[in-house]
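Only one structure is covered here, and it is reproduced in the block below.
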Amino acid sequence: MESTESLAASLDAEVLRQRLASLAHAEGVRRWDLGASCSTDTSVQVDRGEAKQMKGAQRSAITLRVWNDDGLVGITSTSDLSDAGLARALAGARDASAYGNVDEIPDFSPLATAPLPVLEQPLSTPLSILTLLDTLKEAERDLLGRHPAIGTVPYNGLAQRSSDRLYINSDGACRQQRLSTASLYLYARAEEAGRKPRSSGAVRLAYGAAGLDVAGCVQEAAERTIAHLDYAPIATGRYTCVFSPEAFLDLIGAFSSLFNARAVLDGVSLSRRESLGEQLAVPFLSLHDNGLHPANVGAAAFDGEGTPTRRLSLLEGGVLRHFLHSEATARAFGVSPTGHAGLGAKVSVGPDWFEIGPTPGSSGGAPGLDRFAAGASGDEHGLVVIDSLSALHAGVKASQGSFSLPFDGWLVQNGASRSIEAATVAGDIRTLLKAILGFEGPAKVTPDGLCPHVWVEGLSITGDA
Amino acid sequence: MVVSPPTGTLAATERSASPAALGDPAWRSVLEPLLAGGRSAGADLVEVFLERSDHLGLLAEQDAITSVSPAFGAGAGLRVFLGERDGFVSTNDLSAAGLRAALEQALGMLGLVLPVQAGGRFDGLPELRDFAATKEGWLHSCPTLAEATGRLLEGTDRLQVHGQHLQVRRGSYARDWQEVLVAASDGTFARDVRLHQSVGLNVLAADGDHRASLGKRYGTSDSPDDLRQWDAEAAAIDVCSSAGTMLRADYVEAGQFPVVLANRFGGVIFHEACGHLLETTQVERATTPFAEMVGQPIAHPSLTAIDEGHTAGAFGSLSMDDEGMEPQRTVLIENGILQRFLSDRAGERRTGHPRTGSGRRQSHAFAAASRMRNTFIAAGPHTPEQLIASVDRGLYCKSMGGGSVGPTGQFNFAVEEGYLIENGRLTRPVKGATLIGDAKEVMPRISMCANDLELAAGFCGSVSGSIFVTVGQPHIKVDTITVGGR
Chain A
57 MESTESLAAS
67 LDAEVLRQRL
77 ASLAHAEGVR
87 RWDLGASCST
97 DTSVQVDRGE
107 AKQMKGAQRS
117 AITLRVWNDD
127 GLVGITSTSD
137 LSDAGLARAL
147 AGARDASAYG
157 NVDEIPDFSP
167 LATAPLPVLE
177 QPLSTPLSIL
187 TLLDTLKEAE
197 RDLLGRHPAI
207 GTVPYNGLAQ
217 RSSDRLYINS
227 DGACRQQRLS
237 TASLYLYARA
247 EEAGRKPRSS
257 GAVRLAYGAA
267 GLDVAGCVQE
277 AAERTIAHLD
287 YAPIATGRYT
297 CVFSPEAFLD
307 LIGAFSSLFN
317 ARAVLDGVSL
327 SRRESLGEQL
337 AVPFLSLHDN
347 GLHPANVGAA
357 AFDGEGTPTR
367 RLSLLEGGVL
377 RHFLHSEATA
387 RAFGVSPTGH
397 AGLGAKVSVG
407 PDWFEIGPTP
417 GSSGGAPGLD
427 RFAAGASGDE
437 HGLVVIDSLS
447 ALHAGVKASQ
457 GSFSLPFDGW
467 LVQNGASRSI
477 EAATVAGDIR
487 TLLKAILGFE
497 GPAKVTPDGL
507 CPHVWVEGLS
517 ITGDA
Chain B
657 MVVSPPTGTL
667 AATERSASPA
677 ALGDPAWRSV
687 LEPLLAGGRS
697 AGADLVEVFL
707 ERSDHLGLLA
717 EQDAITSVSP
727 AFGAGAGLRV
737 FLGERDGFVS
747 TNDLSAAGLR
757 AALEQALGML
767 GLVLPVQAGG
777 RFDGLPELRD
787 FAATKEGWLH
797 SCPTLAEATG
807 RLLEGTDRLQ
817 VHGQHLQVRR
827 GSYARDWQEV
837 LVAASDGTFA
847 RDVRLHQSVG
857 LNVLAADGDH
867 RASLGKRYGT
877 SDSPDDLRQW
887 DAEAAAIDVC
897 SSAGTMLRAD
907 YVEAGQFPVV
917 LANRFGGVIF
927 HEACGHLLET
937 TQVERATTPF
947 AEMVGQPIAH
957 PSLTAIDEGH
967 TAGAFGSLSM
977 DDEGMEPQRT
987 VLIENGILQR
997 FLSDRAGERR
1007 TGHPRTGSGR
1017 RQSHAFAAAS
1027 RMRNTFIAAG
1037 PHTPEQLIAS
1047 VDRGLYCKSM
1057 GGGSVGPTGQ
1067 FNFAVEEGYL
1077 IENGRLTRPV
1087 KGATLIGDAK
1097 EVMPRISMCA
1107 NDLELAAGFC
1117 GSVSGSIFVT
1127 VGQPHIKVDT
1137 ITVGGR
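Line by line, the protein sequences are chains A and B.
The opening position of the first sequence corresponds to residue 57 in this note's numbering, with each subsequent residue numbered one higher.
The opening position of the second sequence corresponds to residue 657 in this note's numbering, with each subsequent residue numbered one higher.
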């Protein structure tokens, strides 16, 4: 039988607003705002043709912020949306407000009632979990059949989510967004006799499970895994490196404090207030944050403070143009919020989805870059292609600018491409941004952004050859 | 306990009232029909995990409190096994109707249907094993907001006193209180209360082009007075000393070197390089090279490694795991020989390795999985000085950062504070090192263990979420490993 369709998650914004207004009035709280969400999820994992685990989840959460009579702010979060839960959250937030930061008091975003962008986000009806299971089993079977060395797909999952989120404040702002999304990931493990196991994979996102590019995911996971089967150690040294779009986006994301006004104000960014206008990268690099890009599946129409999401230029011609802002940081800089805030006692700021590429009208860097042609040209030292980076949580020192990261990739040398057994890449982000040689090929859409292959000169590679 | 009428939807405005404490005997009458119904539907085993949580997070920056973040919640995770398969559903709705709906969904995943009337396959729950009985007052015994914020500001003040060139001074505190009730159709019925507190200091030192960011965190379990007893002065001196040393440190030279790893958080090497590969979740996925090697040598004969949940106050200690089982002391490796794996319910069903009280999860939103608790390499016969003296040219890793391990057994971890070893002596500080290796290759290279075993608190993220763990070891020597650097 198939009885596991998710119920659609929903929040009644007006009822929630009325309940909060009533509770706040009773407690003498005149100014408040909240972010709330609820979701239903179903997901499956398989193991060599059998269901490994099937999961369902119903989640709800609310973050409530209040301003006390002294104007200080307190906050509390809870998963309990009952009246008792909301009352307890309100009391908790009011208690916490006694310790609000007098030096930086958040306010409602001046854009919390501005028009929202219209997003093309079709709502999909969830598929039954057994349909998900069949789809994933077939994908696994297909992937296992792509090469005799692929023995398992140890990390796999097919998931779908229906969600509803809203932002309300006591001045009448009311934002709401419903969304359905689905994801598929397949990470295969391959091993040939007498050789070490190798692994790689692929991810796909869509607005519903029926819209997932399953065949493309299988194909990419197979190609990536098979391409790492023939491996060899690499000699330690300095190499010209070609970052895959995914790897370069990961690296930029790990150093996004460069563009983060919160980090600037806190003194933990490499940038300073005066850095706007400075040449941060090569003069042909553009970097935008664009949560509204049509390929950004699951884009948020508004941030945690209700500010509309928008496209923002961060680097243009390599020059630092703007920072990402919340309401409070924008006020400190004398600009408008940019739609990149969370909602918390101390409001966090973060990027949505990067667009990276050549600056229009610039040289675009070295022309005609082709990693395979370069490798065939007889360069004995070779070219390192960085396919994916690992351990960004541990190997990146964002406030120092340094990184030292394990990676999977290939050495392209004398016309041949061979997977690198185990290696790290290390450097300084400021040096790297000014050592970009150019871009190869068209920009690729990834879950984290849009980016072409990026060539960088002279990075330190540590191998065990 | 309040049991609300069925809601039928997830509309937040129609949700049930807040649940009562999990020690309320009325829960039995809610749980038994669920377990009986699940068994009557044909499930081999039904498990219900109920949770209430209360969290407080604080942040102090320079000389001000900049964030006070309380959070509380409740939820349930229901798991149904049929053979080696399982279905798992989590929900924030603890009403009887909400739990029943979750059970129906979990059963449906396995092709089972909740019968109209249960009967025959479940004998009822036994008497509650109540590990929480002596812990009821813990939450209210923890420091008040005024006390906690005061202690954090004391920490950032001490940083100012002891540090030089400090651009940023931060102190953070987290208190996690959790009450859990586990009931399963195999007769498991147990309740516990857990309390974890951690406090950390972080600095960013800057002088011209030189920068060093460093932080250290201390954590305990089940000790309401922990923050009150925290030695802010010593913690600040420790962090400032490291930051001062590392501020002008050169980047480490890359290559293959012998390394000596300090005790305490140096244990991250075993955690990443081997510990995860001894969890039955890895056996299930066929991602451990040690699956068929029980009784065989997998490490140097000098190495004995243990995982346990008993050490008083340690971050990974438990009265019971998240499947209601009391934790064991599990010798993983003895004198280099693999002894056994860490196992949970699913691991036992799927791999045959007996449960070890290692079924753990971050919250009700995750199904339990076999996870580490307090994991450490046992003390050896040497002194730390003997290990360093045995190295002509290598790296001493005094302080380690985070790490990870991939599906092929390739592991990595960052070195926060390192020193060159030259001719058997520590010389210059170096930074930017990342150690990488392959589990199967590195374990036989841990050739010397010192006599100074100590444990350190940490957080481990894996299939069942982020959990509190302890890593530990004495000083150890690895004969050779790849040191990534510049």
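Where a beta carbon is used, it is the ideal one built from N, C-alpha and C, also for glycine.
How about residue i: is its C-beta nearer than 8 Å to some C-beta of chain A?
i       : result
E717/B  : yes
P662/B  : Annotation note: pLDDT 24 at P662/B (below 50); position unreliable, no value reported.
K1133/B : no
P726/B  : yes
N1068/B : yes
A673/B  : Residue placement at A673/B cannot be trusted, given a pLDDT of 39 that sits under 50; the coordinates are not used to answer.
L860/B  : yes
I925/B  : no
A942/B  : yes
S1122/B : no
S1118/B : no
Starting from the Cα of residue i, find the closest Cα among the options and give me that residue.
i       : options                             : result
D227/A  : T281/A, A149/A, P166/A and L506/A   : P166/A
G1036/B : C1105/B, A692/B, F921/B and P945/B  : C1105/B
A355/A  : E160/A, Q233/A and F463/A           : Q233/A
A92/A   : S99/A, R121/A and E106/A            : R121/A
A215/A  : G420/A, S99/A and A479/A            : S99/A
H966/B  : L883/B, P1010/B, A899/B and T1031/B : T1031/B
Beta carbon of residue i, beta carbon of residue j: below 8 Å?
i       : j       : result
F410/A  : A317/A  : no
H378/A  : S369/A  : yes
L860/B  : R850/B  : no
S1014/B : R1029/B : yes
R427/A  : T394/A  : no
T480/A  : T1090/B : yes
S475/A  : H203/A  : no
R1011/B : A1024/B : no
Output yes if chain B places a C-beta closer than 8 Å to the C-beta of residue i; else output no.
i      : result
Q233/A : no
A384/A : no
A113/A : yes
G451/A : yes
I185/A : yes
V102/A : no
L76/A  : no
T518/A : yes
I161/A : no
K402/A : yes
G514/A : no
task = Pull out every residue of the stretch 798 to 814 of chain B whose Cβ sits closer than 8 Å to any Cβ of chain A, in chain order.
result = L801 and T805
inquiry  = Would the stretch 829 to 839 of chain B count as touching the stretch 971 to 986 of chain B if we require 3 or more Cβ pairs under 8 Å?
reply    = yes
message = Tell me which residues of the stretch 251 to 277 of chain A have at least one Cβ-Cβ distance to chain B shorter than 8 Å, keeping chain order.
response = K252, P253, R254 and S255
key: Touching by the beta-carbon criterion (3+ pairs, under 8 Å), the stretch 1126 to 1136 of chain B and the stretch 907 to 920 of chain B   = yes
task = Assess, as a yes-or-no matter, whether the stretch 207 to 226 of chain A is touched by the stretch 930 to 946 of chain B under the definition of 3 or more beta carbon pairs within less than 8 Å.
result = yes
ask   = What residues in the stretch 754 to 765 of chain B have a beta carbon less than 9 Å from any beta carbon of chain A?
value = G754, A757, A758, E760, Q761, A762, L763, G764 and M765
message = Does the stretch 466 to 475 of chain A come into contact with the stretch 494 to 507 of chain A, if we say contact requires no fewer than three beta-carbon pairs (one atom in each stretch) closer than 8 Å?
response = no
The stretch 1084 to 1107 of chain B: positions lying closer than 8 Å to chain A by Cβ = K1087, G1088, A1089, T1090, I1092, G1093 and D1094
query = Taking Cβ-Cβ distances below 7 Å as the criterion, which residues of the stretch 153 to 183 of chain A are in contact with chain B?
reply = Y155, N157 and D159
key: Proximal residues, the stretch 721 to 749 of chain B versus chain A, C-beta separation under 8 Å   = I721, T722, S723, V724, S725, P726, A727, F728, G729, A730, G731, E740, R741, D742, G743, F744, V745, S746, T747, N748 and D749
Residues of the stretch 481 to 512 of chain A whose Cβ lies closer than 9 Å to any Cβ of chain B, in chain order = V481, A482, G483 and D484
request  = Using a Cβ-Cβ cut-off of less than 7 Å, list which residues of the stretch 216 to 247 of chain A approach chain B; keep chain order.
outcome  = Y243 and R245
request  = Closer than 8 Å, Cβ to Cβ, to anything on chain B: give me those residues from the stretch 296 to 328 of chain A, in chain order.
outcome  = D322, G323 and V324
request  = Compile a chain-ordered list of the residues in the stretch 458 to 479 of chain A whose CB is closer than 8 Å to at least one CB of chain B.
outcome  = S458, S460, L461, P462, A478 and A479
ask   = How do the stretch 691 to 708 of chain B and the stretch 734 to 749 of chain B stand: do at least 3 beta-carbon pairs fall below 8 Å, yes or no?
value = yes
The stretch 116 to 133 of chain A contacting the stretch 713 to 732 of chain B, beta-carbon criterion three pairs below 8 Å = yes
inquiry  = Does the stretch 1035 to 1050 of chain B come into contact with the stretch 1075 to 1089 of chain B, if we say contact requires no fewer than three beta-carbon pairs (one atom in each stretch) closer than 8 Å?
reply    = yes
query = What residues in the stretch 121 to 144 of chain A have a beta carbon less than 8 Å from any beta carbon of chain B?
reply = G130, I131, T132, S133, T134, S135, D136, L137, S138, D139, A140, G141 and R144
query = Got a sec: which bits of the stretch 869 to 886 of chain B sit with their beta carbon under 8 Å from any beta carbon on chain A, in order along the chain?
reply = S869
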